[in-house]
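Student:
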């Protein structure tokens, strides 16, 4: 994966992974992308309930359960995201969506590719 992408209505945010992050497991990268997206849209999501849509079932579970037991890395990071959200009055939940419906976020995470809509 080259980077991450997120969108909220008509607003977009994206960035590239650094060398260290590039070696992370895909689940850790997707969870980090969620956090970076929330941070990017802070002025719009403060004091709101945000429904994160992700094509990663593991990340959806860790967000909804506010942690987990199978991955210490994901559990710690999801706890950090939850604590950050509390500081900014943000309540997050997640919904799994099939990858084919995650077109814009996928495109934003791969700036060197073209957007596929089918």
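Numbering (this note's numbering), first residue to last: 86 to 203.
Positions of the beta carbon are idealized from the N, C-alpha and C atoms, including for glycine.
From a predicted model like this one, the values you see are computed outputs, not experimental measurements.
#1: Can you tell me which of the three DSSP states residue 177 falls into?
#2: State the Cα-Cα distance for the pair residue 154 and residue 175, rounded to the nearest angstrom.
#3: From residue 126 to residue 118, what distance separates their C-alpha atoms?
#4: For residue 148, count the other beta carbons within 10 Å of its own beta carbon; 16 or more makes it buried, fewer makes it exposed. Which is it?
#5: Assuming residue 152 and residue 121 make a contact with CB atoms under 8 Å, what is their CB distance in whole Å?
Tutor: The short version:
#1: For the purposes of this step, residue 177 is taken as the residue at position 92 of the chain shown. Of the three classes helix, strand and coil, the one that applies to residue 177 here is strand, per DSSP.
#2: Taking the chain shown and counting its residues from 1, the one referred to as residue 154 is at position 69. Taking the chain shown and counting its residues from 1, the one referred to as residue 175 is at position 90. Roughly 24 Å between the two C-alpha positions.
#3: On the chain shown, residue 126 is found 41 positions in, with the first residue counted as 1. On the chain shown, residue 118 is found 33 positions in, with the first residue counted as 1. The alpha-carbon atoms of residue 126 and residue 118 are separated by roughly 12 Å.
#4: If you number the chain shown from 1, residue 148 lands on position 63. Classification for residue 148: buried.
#5: Here the question's residue 152 lines up with position 67 in the chain shown. Here the question's residue 121 lines up with position 36 in the chain shown. No, residue 152 and residue 121 are not in contact; Cβ-Cβ is about 19 Å, not under 8 Å.
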